[in-house]
Every structure is written in C-alpha cells, then in structure tokens.
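For reference, the structure is listed below as structure tokens.
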Amino acid sequence: MSHSLASPYLAPAVVAAGGPRTARPLRRIVLVLAVTFAVLVAAGWLVNARAAEPGPFERQLAQWSQVSLAGQRLPGPEASAERVAAFFAALAPGRARELAERYPLVVGNLPGAPVPLRYEANRLAVEDAATAEARRATDDGLSDDGRREARRRTHRLESLLEDGRQILAFDPSGRGRVAEVLGDLTEAERVSLVVPGVDTELLTFERTEGRWAAPAGMARALHDEEEARAPGTRTATIAWAGYEAPRGLTMSAATSGSAEEGARRLLDTVRGLPGDAEVALFCHSYGSVVCGLAADELPRRVTDIAVTGSPGMHAAHAADLGTSARVWAMRAEDDWIEGVPHVSLGPLGHGDDPASPDFGALPLPSDGGGHDGYFLPGSASLRNLALVGNGEPAPGGCAPQADDCGARETCRGTTETGPRG
Numbered sequence: 001m002s003h004s005l006a007s008p009y010l011a012p013a014v015v016a017a018g019g020p021r022t023a024r025p026l027r028r029i030v031l032v033l034a035v036t037f038a039v040l041v042a043a044g045w046l047v048n049a050r051a052a053e054p055g056p057f058e059r060q061l062a063q064w065s066q067v068s069l070a071g072q073r074l075p076g077p078e079a080s081a082e083r084v085a086a087f088f089a090a091l092a093p094g095r096a097r098e099l100a101e102r103y104p105l106v107v108g109n110l111p112g113a114p115v116p117l118r119y120e121a122n123r124l125a126v127e128d129a130a131t132a133e134a135r136r137a138t139d140d141g142l143s144d145d146g147r148r149e150a151r152r153r154t155h156r157l158e159s160l161l162e163d164g165r166q167i168l169a170f171d172p173s174g175r176g177r178v179a180e181v182l183g184d185l186t187e188a189e190r191v192s193l194v195v196p197g198v199d200t201e202l203l204t205f206e207r208t209e210g211r212w213a214a215p216a217g218m219a220r221a222l223h224d225e226e227e228a229r230a231p232g233t234r235t236a237t238i239a240w241a242g243y244e245a246p247r248g249l250t251m252s253a254a255t256s257g258s259a260e261e262g263a264r265r266l267l268d269t270v271r272g273l274p275g276d277a278e279v280a281l282f283c284h285s286y287g288s289v290v291c292g293l294a295a296d297e298l299p300r301r302v303t304d305i306a307v308t309g310s311p312g313m314h315a316a317h318a319a320d321l322g323t324s325a326r327v328w329a330m331r332a333e334d335d336w337i338e339g340v341p342h343v344s345l346g347p348l349g350h351g352d353d354p355a356s357p358d359f360g361a362l363p364l365p366s367d368g369g370g371h372d373g374y375f376l377p378g379s380a381s382l383r384n385l386a387l388v389g390n391g392e393p394a395p396g397g398c399a400p401q402a403d404d405c406g407a408r409e410t411c412r413g414t415t416e417t418g419p420r421g
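Read in order, the letters of the sequence shown are residues 1 to 421 in the UniProt record's numbering.
Structure representation (structure tokens):
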C-alpha cells in the first residue's frame with residue numbers, strides 16, 4: 001500500500017533513520033507539523049472545495065419529502081426504525097412497491113423498511129446507476145480516465161445485479177456506499193456485521209485480487225465459516241460499506257472525521273435491523289475507529305465487538321467504550337499496524353491500543369497473515385472470529401490477565417491457534 005508523505009504513520013520510520021540522538025527533536029517536529037496541518041485542514045485554510053452538487057439520493061429524497069399520504073408526510077431518514085416499520089406495515093403491498101419503484105434510493109436506504117422491499121428497491125437503484133455509468137463510459141466529453149472509471153463502476157454495479165445478491169443499502173453518490181446481506185436476515189438467530197477500513201468504496205467493495213480483504217470477501221469468508229461451525233444456527237452476515245472511508249494512509253485516516261460520520265450511519269443500520277437476533281460487529285482497521293465511536297449508543301442486542309488490526313477506538317480502556325457488548329481484539333504478529341503510534345494528540349490519533357493487555361479487551365489469537373489476512377479461509381484467525389459470531393465463547397470470554405490466556409494461546413474451549421487438522 002502506498003503511503004502519503006503527509007501520513008503520520010511514517011513518523012516512526014523517519015525518526016528511526018536519524019538515530020537516537022535526533023529521535024526526540026525530530027519526532028516532536030513531525031508531530032507539531034502533523035497537528036498544525038490537521039488543524040488548518042479542519043479550519044478550511046488548506047481546502048478550497050466547492051459544495052458538492054446534490055447526488056441521486058439527495059434529489060430523490062427532496063422529492064420524497066414533498067409527498068404526503070393520507071395527509072401525512074412520508075417518513076425520512078431521520079425517522080426512527082420503529083416509525084418507518086409502522087408506516088410500511090399500514091400500507092397496502094401495492095402502494096409499498098409503488099413507492100419503491102418511484103423512490104428506490106430512499107426506500108432502499110430506510111432502516112425499518114421491510115427487508116425484502118429494500119432488496120427490491122436497491123436492485124432498481126443499482127440498475128439505474130449501471131445504466132447511467134454505461135452512458136458515461138462512452139461519453140466523449142469525459143477524459144480517458146473518466147471513461148475508464150465509468151467502465152469499472154459499470155462492471156461493479158453489474159456484479160451487484162447477479163442472481164441471489166441481497167443489497168440492503170446502496171447510494172451511488174460520490175465514491176459510492178453499499179451493504180450486502182448473506183443469509184436470511186429476517187429469520188436469522190445470529191447476525192454478524194463487518195465494518196471495513198480505509199479505501200472502502202463501491203469500486204473496492206469486492207475484488208478479484210485481495211478478495212478476502214475486501215468487504216464482500218470478508219463477509220463471505222466469515223459467513224461460510226460460521227455456517228460450517230454451526231450448521232443448525234440460522235445466521236446472516238452483512239458486508240457493510242456504508243460510510244465514506246478515508247482514502248489510503250493520509251491525514252484523514254489519522255483523524256476521526258470519517259469515523260464520526262460512519263458511526264452515525266452504523267447506528268442507523270443496527271437500529272434498523274429486523275427481529276431481535278443478537279448482533280456481533282467485526283471492525284477491521286479504521287473500521288474499529290467507527291465501532292469505537294458508536295459503541296456507547298449501540299443497542300443491547302449487540303453482544304460482541306471484535307476488532308482486528310485496530311489503530312485505536314478513541315478509548316483508554318474497553319470499559320470506557322460505554323457498551324454492554326464484549327470487546328475482543330485480534331492483531332497478527334506481522335501486522336504493520338503494531339508500529340502505528342497509539343496516541344491521541346489534538347485531532348490526531350485514535351488512542352490506546354485495543355490489542356494491549358492494559359486495554360482490557362478479550363484477546364483473540366491470530367495465526368498471522370498480516371494486516372489484510374484476518375479473514376483468510378482456513379486460518380485460525382477466521383475460525384476464532386466465527387466463534388464470536390456464533391456466540392460460542394462462554395459469557396465473559398477469556399480474561400486477558402488469566403494464566404491460561406495470552407495473545408497467542410488458547411482460551412479454554414473457545415478459540416483456536418493452529419491449522420485445522
């Protein structure tokens with residue numbers, strides 16, 4: 001992965017190159033410059049961006065907000081999931097489908113709307129987006145790069161239209177947001193939700209190369225492992241690329257702006273899940289920042305939060321997250337994230353290391369694979385994550401300070417460390 005010169009993650013390498021005599025002064029200079037840059041960006045001094053034009057979702061939402069049924073306004077995204085569910089329950093099926101056909105982006109992204117209706121609406125929205133991108137791909141008014149990106153987006157959208165795919169949320173605006181369900185969400189006894197990190201967008205939602213590091217691949221691997229371990233349990237897994245993640249290891253990855261927006265969207269998603277199935281969150285890399293910021297407002301049905309390769313959760317201790325969920329942490333020995341300073345300085349950094357014993361998270365062993373290898377099929381890392389998703393670890397899990405539990409050891413009867421035999 002390429003590193004931006006502005007990335008604070010480069011600071012340790014720069015400091016080390018100067019030797020111990022220059023380490024402290026140089027580190028101080030790097031941190032001061034980084035904080036100054038972040039503050040200037042936050043204040044708008046280094047950015048001269050024009051307000052973005054309304055995207056397809058915003059345009060449909062504006063139309064939706066002007067519609068009334070029986071003298072009442074239609075519920076918008078700010079409405080509670082309970083109110084949205086009650087609204088659709090009172091509609092005739094034909095009227096609900098009519099709304100989905102006229103406003104697919106709105107209905108498809110409304111937490112609380114019937115899940116099958118959201119799937120139907122989002123299929124229509126993806127079809128519309130694919131048609132629009134196909135036109136752009138042959139638009140002589142675009143640059144070669146613009147047409148090339150349009151072709152890539154067309155290919156990705158057509159992939160989402162394959163038979164059997166269940167798209168829970170979709171917005172083509174900007175870099176694109178999407179969430180996909182594996183399994184039967186309405187009948188599930190257990191729900192796992194994967195929250196990915198940097199570089200997450202429509203084009204990277206699934207990949208051929210690096211498949212198991214992409215949101216769709218991570219969710220597929222986890223879902224298959226959970227089903228293999230507990231074939232009698234009805235499980236559903238959500239690949240959730242529902243926020244605008246930072247691009248690469250730039251300054252935005254070292255600040256919480258994207259994570260704050262992501263936390264709000266994650267809370268809306270979880271609150272809008274149907275039924276009362278227990279939910280486990282699997283938060284990878286910057287996704288763990290999102291989960292950390294959302295933790296204190298998560299509903300009690302979220303029983304577990306498992307973070308992998310985390311740069312921090314904006315908390316000094318697991319207890320500070322303010323959640324009733326068990327908090328698990330996994331980090332491979334060969335994960336480069338270990339070298340990232342786990343600090344919080346002004347707007348920079350995400351706080352203490354969740355994989356540190358002092359943080360108080362329950363440790364989950366990993367058998368390596370680097371930063372992008374936690375969901376590799378056949379790995380002990382994936383099997384241990386699936387145990388959490390299936391609710392197999394005993395309540396309370398394995399305490400980090402226990403004699404029989406360590407970062408590379410087995411928690412009695414709950415997790416695995418070696419290859420499948």
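The beta carbon of each residue, even a glycine, is placed where N, CA and C say it ideally should be.
All values derive from a computational prediction rather than experimental measurement.
- Shown here for residue 58: not one same chain residue has a beta carbon closer than 6 Å to its own, the five before and five after excluded.
- CA-to-CA, the gap between residue 315 and residue 325 works out to about 15 Å.
- Between residue 196 and residue 241 the beta-carbon gap is near 6 Å, inside 8 Å, which marks them as a contact.
- Contact between residue 245 and residue 310 is ruled out by a C-beta separation of about 15 Å, above the 8 Å threshold.
- Residue 280 is positioned such that its CB atom lies closer than 7 Å to that of residue 389.
- In the same chain as residue 225, and ignoring 5 residues on each side of it, the C-beta atoms closer than 7 Å to its own belong to 382, 383 and 386, in chain order.
- Here residue 313 is not bridged, per DSSP, to any residue.
- By the C-beta density criterion, residue 174 is exposed, having fewer than 16 other C-beta atoms within 10 angstroms.
- In the DSSP assignment, residue 83 falls outside any beta strand (DSSP E) and lies within the alpha helix (DSSP H) extending over 81 to 89.
- Annotated three-state conformation of residue 231 is coil, per DSSP.
- Secondary structure at residue 284: strand, using DSSP grouped into helix, strand and coil.
- Here DSSP, grouped into helix, strand and coil, assigns residue 66 to coil.
- DSSP links residue 194 through a beta bridge to 239 and 282.
- Cβ atoms of residue 296 and residue 328 stay farther apart than 8 Å, at about 17 Å.
- Just so you know, the alpha carbons of residue 290 and residue 321 end up roughly 12 Å apart.
- When only Cα atoms are considered, residue 353 and residue 342 end up about 6 Å apart.
- At least 7 Å separates the beta-carbon of residue 180 from that of residue 221.
- In the structure shown, residue 180 adopts extended strand secondary structure according to DSSP, grouped into three states.
- With a 10 Å radius around the Cβ and a threshold of 16 neighbouring Cβ atoms, residue 114 comes out buried.
- Taking 7 Å as the cut-off, the beta carbon of residue 186 is found closer than this to the beta carbon of residue 274.
- Beta-bridge partners of residue 363 (DSSP): 329.
- By the C-beta criterion, the stretch 151 to 165 is judged to be in contact with the stretch 128 to 139, since at least 3 inter-stretch pairs fall below 8 Å.
- When rounded, the separation of the alpha-carbon atoms in residue 308 and residue 172 is 28 Å.
- Apart from sequence neighbours up to five positions away, the residues of its chain that approach residue 285 with a beta-carbon distance below 8 Å are 196, 197, 198, 308, 309, 310, 311, 337 and 371, ordered along the chain.
- Residue 293 is positioned such that its CB atom lies no closer than 7 Å to that of residue 261.
- Pairing residue 360 with residue 332 gives a Cβ-Cβ distance that is not under 7 Å.
- Here the alpha carbon of residue 170 sits roughly 17 Å from the alpha carbon of residue 150.
- Scanning its chain for C-beta atoms nearer than 6 Å, with the 5 sequence neighbours on each side dropped, one finds around residue 136 the residues 150, in chain order.
- One alpha carbon belongs to residue 380, the other to residue 168, and they sit about 30 Å apart.
- Taking 8 Å as the upper bound for CB-CB distance, residue 124 and residue 98 are not in contact here, some 12 Å apart.
- With a beta-carbon spacing of about 2 Å, residue 272 and residue 111 fall inside the 8 Å limit used to define contacts.
- A distance below 6 Å between beta-carbons, with the five flanking residues on each side excluded, links residue 276 to no residue of its chain.
- In this structure, residue 84 lies near residue 75, with their beta-carbon atoms less than 7 Å apart.
- In the three-state reduction of the DSSP assignment, residue 131 falls in the helix class.
- Between residue 223 and residue 266, the C-beta gap is not smaller than 7 Å, which leaves the two residues out of contact.
- Per DSSP, residue 307 is not a residue of any alpha helix (DSSP H); the beta strand (DSSP E) it occupies stretches across 302 to 308.
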